[in-house]
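One structure is given here, and the rest of the page talks about it.
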Amino acid sequence: MKLLKYLLLAALSVSLAFTQAGCQKQQTPPTVDLTSEEAIAEQKKFDEFIQSELVASAESDYLTTHIYFEHPENYGIDRSKVEVTLGYLEDDDAAYQERVEEMQATKAALDAFNRDLLSDQQKDVYDNYLETIELDIARNDEKFRYVGGGFDTMTGLHTQLPTLFADYILRDEQDLKDLIVLINDVKPYMDSLLEYTKKQAEKGTLMIDLDTVIEDSKKTYNEGENSAVLTSMFATIDSLDLSDELKNQYKAELKTAFMDSFIPAYGAIIETMEGLKDSKNNTQGLYYLENGKAYYELLFKDKTGTSRSIEDTQKLLDELAYEMITAAQKIAMTDRNAYETWAYNEADTGYTDFESMLADLNNWFKQDFPDVGDIDYEIKPLDPELAVSGIAAYFNIPAIDGTTKKQIRVNTNKDALVIGSLDTFSTVAHEGLPGHMYQTSYAYKNIPNVFHNLFANNLGYTEGYATYVEFYALNYLSDVPENIRTLQKVMSIYSNCLIAQLDIGIHYEGWSLDQVRQYMEDNGLNAAAAEVLYAQLQSNPGAFLSYYVGYAELNELEKEAKAALGDKFTAMGFHQAILEAGSVQFDIVKRHVNQYIEENQ
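Letter by letter, the sequence shown follows residues 8 to 608 of the working numbering.
Now the structure itself:
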């Protein structure tokens, strides 16, 4: 199940979450001497354990090693032990039990450490990893074995493979040979996932938007040898320092693999999904599956990284939504021109290209965020055939020891974005500076623990942070009237809160389409879009929680810091506090914010 986990969680990374035990964890008691021989020995032992976990994780998954490391040998990773494969979904009882036992063994190893003797930075690593393992063990309970799956319409395997291979990095000839092996692996891997999906149908846990998956898969299948994926891989081959003869030879081998494995995999998806139309398929929320509500509780923790209960999160979202709509109403009553300019999408940033936008952000954000030096980056348009509806741009995670430019891919389809709009500016800030690209650069430079850097990637923090900075960056648009910028921020947050509530309503409370429509009407959303929104949320449980609940958590921390510090609060200091622990669950972020407050009161 390696590839499925790799692709579906945290955009090429393993997502982490927080359990209730984390609420009770504090940093080192003042009576503990962290410089004692006992403490130093425990810290050394913990570092060795985490290093062994890094090596084991990398050596067991080719994609992890290839994407995250240019020189894995510098990190103790033996390339010869890394099998070049996508793997396959092992669903037999023995393999399932083995996975659970491996998780339990890791938890036992963590439990054996004396946490009080670890350094504060090690405690961050320890807490995150322990919460991850505890959540993984809970989600791998037998009762959840056939809940979930790999064909969500937004992040399913069928949507991820084209961009994975179109963006695939080739550093040398061996990488090219490995790529051909991976392409040949696509069909066997997809077959294993489809067999799992058929078992879901047999057990009554199938929950797939079959028509949308079929439609999307047909687009890929029908492209055949004219696929933009193949064209992109050919272009990458051309960039290698190889003779023309070798390039043509490898292109021929790659094309054969593509037509014999990649394209047939999509044919198999279409055939299987068509065959499942006569099966029992849940077209409502997880609430209506056996154990579905309990599964959603775990999914919620995984997606958000919050220690709040779902009910407490609903209250937080309600309060934030009320605050935002109140601010919007005040502007609407006092500055009608600003309101109408915003409402009719007439606000314009003046930008006509992405490069200028990101260059300005690169100059502006440094006054408010810790310095990481110069960031070498590029913006590349996404081939229209590879563009996924609803995704305006994305950031490609670079190798931790990488020397190539950091890259943002943008969807230039006319229905995806308008370059001069406030939405597009926010998207570039979210993906680029001071968003994902900056946050990754900061972590790679300032967080020395490589395992923590790569695998402590809590989606709630990562996307919550990027959502926070997309709104923060609006402050830099001084040529756009302040009230228009404020409306853009508060109405976006208001809408986000409502969508998160709808996700909870559908999957945790069992809301019907009519209930969704009524909620939208009651809260001023366009109820005409209810059916489309319901279908999207129903087939992608929790897809937006990381963004919207994650933002709400960071917003609360910012409010707490401002209230405690008053005039002593600085954006630079707060941003340092929320960045320095890495992409972790929010109780750990809160520890760092509390430390920032204590040091500056």
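No residue lacks a Cβ here, since even glycine has one placed at the ideal position from N, Cα and C. Remember, predicted model here, so these are calculated numbers, not experimental data.
Supposed contact pair residue j and residue i - C-beta distance, whole angstroms, cut 8 angstroms
i, j, result
"Lys409", "Glu77", "The sequence given here places Gly at residue 409; Lys does not occur at that position. Indeed, because the Cβ distance is near 6 angstroms, the residues count as touching under 8 angstroms."
"Phe56", "Ala116", "6 angstroms"
"Phe581", "Ser64", "Between Ser64 and Phe581 the Cβ distance is about 32 angstroms, and since that is not below 8 angstroms, they are no contact."
"Glu451", "Ile407", "The sequence given here has Tyr at residue 451, not Glu. Contact holds; Cβ gap of about 6 angstroms."
"Arg524", "Ala537", "4 angstroms"
"Ala119", "Asp198", "That belief does not hold up - the Cβ atoms of Ala119 and Asp198 are roughly 40 angstroms apart, past 8 angstroms."
"Tyr294", "Gly156", "Not quite, the Cβ-Cβ distance comes to about 17 angstroms (not below 8 angstroms), so this is no contact."
"Val539", "Leu564", "About 34 angstroms separates the two Cβ atoms, so there is no contact after all."
"Ser239", "Asp390", "7 angstroms"
"Ala568", "Phe576", "6 angstroms"
CB of residue i within 8 angstroms of CB of residue j, strictly
i, j, result
"Ala542", "Asp216", "yes"
"Ile415", "Phe402", "yes"
"Gln592", "Asn456", "no"
"Lys4", "Ile270", "Only positions 8 to 608 of the chain appear in the structure, and residue 4 is not among them; the question remains open."
"Leu190", "Ile277", "For the sequence presented, residue 190 should be read as Ile rather than Leu. Not in contact: Ile190 and Ile277 (Cβ atoms no closer than 8 angstroms)."
"Gly299", "Gly467", "no"
"Met214", "Leu296", "yes"
"Gly94", "Tyr196", "yes"
"Asp85", "Glu109", "no"
"Asp594", "Ser316", "no"
"Ile187", "Ala259", "no"
"Ile404", "Ile74", "yes"
"Val425", "Ala400", "no"
"Ala480", "Ala436", "yes"
"Ala578", "Asp378", "no"
"Phe458", "Glu105", "no"
"Leu183", "Leu177", "yes"
"Glu392", "Glu230", "yes"
"Leu249", "Leu96", "no"
"Phe53", "Gln129", "yes"
"Thr356", "Gly292", "no"
Residue of the options minimising C-alpha distance to residue i
i, options, result
"Ala350", "Arg315, Ile382 and Gln495", "Gln495"
"Glu470", "Gly442, Gly83 and Thr493", "Gly442"
"Thr71", "Pro377, Val89 and Ser59", "Val89"
"Tyr103", "Ser87, Thr113, Tyr153 and Leu305", "Tyr153"
"Ala339", "Arg492, Asp118, Ile47 and Lys566", "Arg492"
"Tyr501", "Asp143, Asn530 and Ile511", "Asn530"
"Gln583", "Arg598, Asp574 and Gly573", "Arg598"
"Asp185", "Val91, Asn547 and Asn370", "Val91"
"Glu605", "Leu572, Ile595 and Glu587", "Leu572"
"Asp4", "Asp131, Lys114 and Thr162", "Lying before the first or after the last residue shown, residue 4 is absent from the chain, which here runs from 8 to 608."
"Val62", "Glu347, Gly83 and Leu564", "Gly83"
"Leu429", "Asp367, Glu392, Glu353 and Ala450", "Glu353"
"Ala145", "Val132, Gln111 and Ala119", "Gln111"
"Leu552", "Gln321, Thr419 and Gly155", "Gln321"
"Asn547", "Arg315, Thr290 and Lys373", "Thr290"
"Tyr346", "Tyr203, Val497, Glu49 and Ala275", "Val497"
"Leu440", "Val425, Gln374, Leu505 and Asn369", "Asn369"
"Asp309", "Glu49, Ser448 and Glu141", "Glu141"
"Gln608", "Asp574, Trp371 and Asn147", "Asp574"
"Leu324", "Arg343, Cys504, Ser286 and Ala578", "Cys504"
"Lys194", "Glu49, Glu60, Tyr273 and Glu80", "Tyr273"
"Asp179", "Asn135, Trp371, Ser246 and Glu97", "Ser246"
"Ala242", "Leu532, Asn229, Pro79 and Tyr257", "Tyr257"
"Thr212", "Phe151, Asp131 and His165", "Phe151"
"Tyr483", "Gln602, Thr411, Asn81 and Asp367", "Asp367"
"Tyr445", "Ala534, Asp134, Asp131 and Leu586", "Leu586"
"Asn147", "Asn81, Val107 and Ser268", "Val107"
"Asn288", "Glu567, Lys373, Ile454 and Asp218", "Asp218"
"Asp134", "Val596, Gly292 and Ser499", "Val596"
"Tyr69", "Asn453, Lys373, Leu561 and Asp192", "Asp192"
CB contact check: residue i to chain D, cutoff 8 angstroms
i, result
"Val220", "Going by chain labels, chain D is absent from the structure shown, which holds only one protein chain."
Near the ligand COA: residue i beta-carbon under 7 angstroms from a heavy atom
i, result
"Tyr82", "Annotation note on the ligand COA: not contained in the displayed structure, which lists no ligands."
Subject >> contact_flag[the segment 545-564, the segment 469-478] where n(CB pairs < 8 angstroms) is 3 or more >> reply: Output reads yes: the segment 469-478 touches the segment 545-564.
Original post:
Taking three-plus beta-carbon pairs below 8 angstroms as touching, is the segment 190-209 in contact with the segment 278-290?
Top reply: Yes, since at least three Cβ pairs between the segment 190-209 and the segment 278-290 fall closer than 8 angstroms, the two stretches touch.
Original post:
Is the segment 481-489 close to the segment 328-335, with three or more CB pairs under 8 angstroms?
Top reply: Taking a cut-off of 8 angstroms on C-beta distances, the segment 481-489 does not touch the segment 328-335, as fewer than three cross pairs fall below it.
**OP:** Let me know the alpha helix (DSSP H) ranges lying completely inside the segment 271-313, each 4 residues or longer, listed in chain order.
**Re:** Those alpha helix (DSSP H) runs which fall completely within the segment 271-313 and span 4+ residues are 299-311.
**OP:** Give a yes or no on contact between the segment 230-238 and the segment 165-182, applying the rule of three or more CB pairs nearer than 8 angstroms.
**Re:** These segments touch.
Original post:
Counting Cβ pairs, one atom from each stretch, are 3 or more of them under 8 angstroms apart for the segment 383-397 and the segment 361-369?
Top reply: The segment 383-397 is in contact with the segment 361-369.
Subject >> Every unbroken alpha helix (DSSP H) inside the segment 220-279 [4 residues or more] >> reply: Segments of the alpha helix (DSSP H) lying fully in the segment 220-279: 235-245 and 251-264.
Subject >> Touch test, the segment 500-514 against the segment 120-130, Cβ-Cβ under 8 angstroms, three pairs minimum >> reply: The segment 500-514 is not in contact with the segment 120-130.
Original post:
So, do the segment 303-315 and the segment 216-225 have three or more beta carbon pairs nearer to each other than 8 angstroms?
Top reply: Contact fails: fewer than three Cβ-Cβ distances are below 8 angstroms.
Original post:
What are the complete alpha helix (DSSP H) segments, minimum 4 residues, inside the segment 41-88?
Top reply: Listed in chain order, the complete alpha helix (DSSP H) runs (minimum 4 residues) inside the segment 41-88 are 44-66 and 69-75.
**OP:** With a floor of 3 residues, list each beta strand (DSSP E) that falls wholly inside the segment 469-515, ordered by position along the chain.
**Re:** Scanning the segment 469-515 for uninterrupted beta strand (DSSP E) segments of 3 residues or longer gives nothing; none is fully contained.
Original post:
Which parts of the segment 306-385 are runs of the beta strand (DSSP E), unbroken and 3 residues or longer, counting only runs that do not cross its ends?
Top reply: Runs found: none.
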